[in-house]
Every structure is written in structure tokens, then in C-alpha cells.
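Okay, so the sequence shown: first residue is 489 according to the working numbering, each after it adds one.
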Amino acid sequence: MRRRILLSLAGLLVTLVSLELLLRALPVSTATLTGYHFDRDLLTYPTGHEWTVSTGWDLRNPQRLRSNNWGYASPRDFLSDRSAIALIGDSYVEASMLDASHRPAAQLETQLGTSRPVYGMGSPGTALLDYAQRVRFAAEKFQVRDFVIWLEVGDVRQALCGSGNVQSRCLDPRTLEPRIERLPDPSWLKRVARHSALAQYFAGQLKFRSATFLAALLSRSTPDDPIRRATPAVGTVGSGAAPDDIRHARRVVDAVLNRFFEVAGPYLVGKTVFIVDGDRGGTQRVNNESLMQRQYLIDGLRGRGFQVVDLEPIYAEHAAGSPLSLEVGPYDRHLNALGVQLVMGQAARSLAP
């Protein structure tokens, strides 16, 4: 019995080592090593860090990335330059699944047709109050005066503490008072797992989460389970939206915008363009609260005197005249190179004198 157990453990060890070596030869996503390397309110990569990204179990759209001198996934170093434009947003701006020349900052530079550098300051999994900190940082460190800020439909709701899309500054979801919610340092186990291709494959490619797995293992659901049936709302907000829900959604927008401009407002001294993403023809699934907030957000920005590009009519016009998709694929709703080109064309026109 003891010999059989030892042989089984040895076989398991050989299998794990073989899988590790195999995955190291494939473009499995590797550790990003994100942290508060330059500012206590900004998550970035270490300077000069190289890592691999890919999507799904079959490693689609593999890319090899390298961070610049200030820890952003950009081939351009950020220098002090008053002529520079900061392009700020989440993973839509980083666009790590695209070739470097097809990413938003590079395409905006090309479409501007000038010598003005564009600093792509995209950080995945962030929201509007995180963007305010990047506006501050770009103005203080690089003397940037002109900004393009790319918003997606959930950026207001995700600015609430506990949303899972906060790097530091957020609003209490109950009182809407400002709070700080920084990510904890990784545990020793996570630091070790960062260097294992097998662990990265399970966590990054398969999105395996032990807590979720155990919860599913220890629970029972049936076909008529309301949790299983529930799906996010799609399209526009219907006339049946409760007045209290609408008032709450607008109250959140007002609070987030007020806090955003308290922090970022003093630095928005040049030209600022807000790009607001939206539905691309029924392909996006978002919750009702975000839908209620979207137009109110656009109106709030315009009411403060800022130029806003609403992308929904742009997407609709493209869909009416072309069968080509603007998205990476059904497995990834980020914009592909064509979609980025379309959006950055709108940004370039809005920045023109």
C-alpha cells in the first residue's frame, strides 16, 4: 500500500512538472506584477517589465508586452511634454490583445497626423475616480494639459467601493462619501504562484477560482433556480423603471462626477474630450442601473462645458453600412483594430483646433 501511494505521488509530480514545462513553451499569460510602484493611488507595472497575455484555454490573441518608464503598457516612454495628450481609461485603452500599432494611443497619434505624442494610460479594471487620479498624475509628472478620457457604461457604478473595479479612491455605496480602498499586497502563496505557468493557466486562462469552485461544489441548483435564470438587462431602460431607482442612479452619477471634478478639475486646463462607449447593436449586456446612468452622465459632462462623443450613434452608423464586426470576438467584447480606428478617428476630430 505504501509503495502504491508513493508511486501515485511520483506519477502526479511527473505529470505536474511535464504540464509546467509544456505551458512554459506556450503563450500562457504570465505575471503582471502590478503594484503601487510610483503612486499610492495608481496601480502600474514595474518599469521595463515584460509579460505575456492571451485569452481563454486555447490561448487566443497572444501578445508580448513591455511596460515603459512609468509602468504602463506602452512602447512610448512618458516624458515631460506640454504638447502631449493623455489618453485615459481602462482595458479599452490598454487593449493588450491588439498589436502595438493597433492600440488606441498609437492609432490616435496616427490619426492626428502631428508630432504630438499620445500617452496611453490605460489600466484594466478601473473606474471614473481612478481616472481622476491619472489626470492628476499626468499633469503633475508630465505637464499634460490635453486629455481624452474614454468611459464605458459601468464606470460610474464601478466607482463605488466594493465594486471590484477600484484601485484606491471610491465612494461609500451607502453614504456616497469618499473613501480609500487599496488592494492588499499579495500573499506569499500568490507571489510564488506568479512564477508558475501551470498556476497562471488555471487562474488567468481558465479563470479558476477556488472559492467559487467550492461554493458550487457544496451547493445545489435546479433549472428553475432564480439565480440561474437571472440575466443582466439589455438595451434601453424601459418605462417601467421605478422612480426611486432612477433617483438613486442619478444621485450616484452626481456624487461621482462631483468627486471626479474636485480631484481632476484643477488639471483640466487645456482641451478635454470625453468618449462614452455604449451599445454596439445589442451585443453588450449591462445592468439597468448603468443604463439609467449613461445619458444622465453624458448630460452632466456636457452641462459642465466639456465635449462629449457619444459612441452609440457612431456604432449604429457603422452597423448600417458595414457587416464587419468592431469587436475582438464573441469571447471578448473589447474593440478590435477596426473598432479602435473608428473611435480614435472621433477623438482626433474632437481634438482638432
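Yeah, the Cβ is synthetic: ideal placement off N, Cα and C, and Gly gets one too.
Give the DSSP bridge partners of residue i, in chain order.
i      : result
Asp634 : Ile573
Trp539 : Leu553
Gln795 : Val761
Thr532 : Gly523
Leu600 : Beta-bridge pairing links Leu600 to no other residue.
Val606 : Ile573
Taking only the alpha-carbon atoms, compute the straight-line gap between residue i and residue j and give it to the nearest angstrom.
i      : j      : result
Gly769 : Gly499 : 52 Å
Val764 : Arg645 : 14 Å
Gly523 : Leu671 : 9 Å
Leu823 : Arg662 : 34 Å
Pro811 : His590 : 20 Å
Tyr480 : Ser555 : Lying before the first or after the last residue shown, residue 480 is absent from the chain, which here runs from 489 to 841.
Ile734 : Ala583 : 33 Å
Asp569 : Tyr607 : 10 Å
Leu799 : Leu830 : 10 Å
Gln621 : Leu530 : 7 Å
Trp558 : Thr540 : 19 Å
Leu547 : Asp820 : 13 Å
Arg739 : Glu508 : 50 Å
Using the three-state DSSP reduction, which class does residue i fall into: helix, strand or coil?
i      : result
Leu706 : Here the model assigns Leu706 a pLDDT of 43, short of 50, so the residue's position is not dependable and the matter cannot be decided.
Glu508 : helix
Val623 : helix
Thr522 : coil
Glu815 : strand
Asp820 : strand
Leu495 : helix
Arg735 : helix
Arg645 : helix
Between the options, which lies nearest to residue i when the distance is taken from Cα to Cα?
i      : options                        : result
Leu677 : Arg667, Gln688, Ile668         : Gln688
Thr760 : Gly766, Arg790, Val581, Ala808 : Arg790
Leu553 : Pro534, Ile786, Ala561         : Ala561
Lys629 : Ala572, Leu494, Val502, Ile786 : Ala572
Tyr619 : Gln595, Gln783, Gly577         : Gly577
Phe538 : Ala519, Leu547, Leu745, Arg548 : The question names Phe, but residue 538 is Glu in the sequence shown. It is Ala519.
Leu575 : Leu596, Ser496, Asp587         : Leu596
Val796 : Trp638, Ser611, Pro592, Ile493 : Trp638
Glu805 : Asp767, Arg624, Arg782, Leu785 : Asp767
Leu756 : Val623, Cys649, Leu495, Trp545 : Val623
**OP:** Check whether the segment 651-661 touches the segment 785-800, counting contact only when three or more Cβ pairs, one atom from each stretch, lie closer than 8 Å.
**Re:** At 8 Å Cβ cutoff, the stretches do not touch.
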